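Let me begin by presenting the structure, written as structure tokens, before commenting on it.
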């Protein structure tokens, strides 16, 4: 039981490049989330999904897109990366009791 | 009042000390509360869940005060390994509980 995994762990992009972050969970959770964490800002919700085939915007969705084609996977896309998107990205899934489990994070730098 | 508010600290305590953090919340209808621990450059990890008046797990005790709308985390006999940031978390009020609101965290540093 791996829990929540994220790939890649680190990435450096140039401004304007695109990339996809992959999140996978093996706990059969319906709910999945993407957050970004910046110094002094805490965790901010980007997008979330309440089940396969559904997505919804969170607090800071601009510049990101997501897809949930399979229940166990939640993808976060950056179509045209900007330096403001330099951050640590965490994926999470949660139980019906709201207990949330996080992946190890992706450290993204946009130059 | 902000949805979730925590004293950022840092709290600097010696080994063996007892330390308590408070977290205030604005939604009086909240039923579930959580404390997460986050080590530097790591993901948050669930420490305790609180669904009623409180919860206890070893050296850690969480207590809920619904009248004053705060939840506390008490750590007894602090260890060096307790040094971390502690996040207070509640289900989000305006989205039918589909997302969680995270406080910005309280930093604890335990020294020998």
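Protein chains in written order, with our numbering: chain Z, 1 to 111; chain D, 112 to 223. Just so it is clear, CB atoms sit at the ideal spot from N, CA and C, and this is done for glycine as well. As the structure is a computational prediction, the values presented were derived from the model and not from experiment.
Closer than 8 Å to chain Z by CB, residue i
i	result
residue 195 of chain D	no
residue 139 of chain D	no
residue 210 of chain D	yes
residue 120 of chain D	no
residue 145 of chain D	yes
residue 157 of chain D	yes
Expected contact under 8 Å - CB spacing of residue i and residue j to nearest Å
i	j	result
residue 73 of chain Z	residue 24 of chain Z	5 Å
residue 67 of chain Z	residue 75 of chain Z	5 Å
residue 90 of chain Z	residue 31 of chain Z	Rounded, the Cβ-Cβ distance is 14 Å, inconsistent with contact.
Enclosing beta strand (DSSP E) for residue i [first to last residue]
i	result
residue 135 of chain D	130-136
residue 19 of chain Z	19-25
residue 5 of chain Z	4-7
residue 119 of chain D	No beta strand (DSSP E) holds residue 119 of chain D; DSSP gives it neither H nor E.
residue 47 of chain Z	42-49
residue 220 of chain D	217-222
Residue-chain proximity (residue i, chain D), Cβ-Cβ < 8 Å
i	result
residue 69 of chain Z	no
residue 42 of chain Z	yes
residue 89 of chain Z	no
residue 97 of chain Z	yes
residue 39 of chain Z	no
residue 64 of chain Z	no
Collapsed DSSP secondary structure at residue i in the structure displayed
i	result
residue 168 of chain D	strand
residue 69 of chain Z	coil
residue 113 of chain Z	Any question about residue 113 of chain Z goes unanswered here, given that chain Z covers just 1 to 111.
residue 193 of chain D	helix
residue 62 of chain Z	coil
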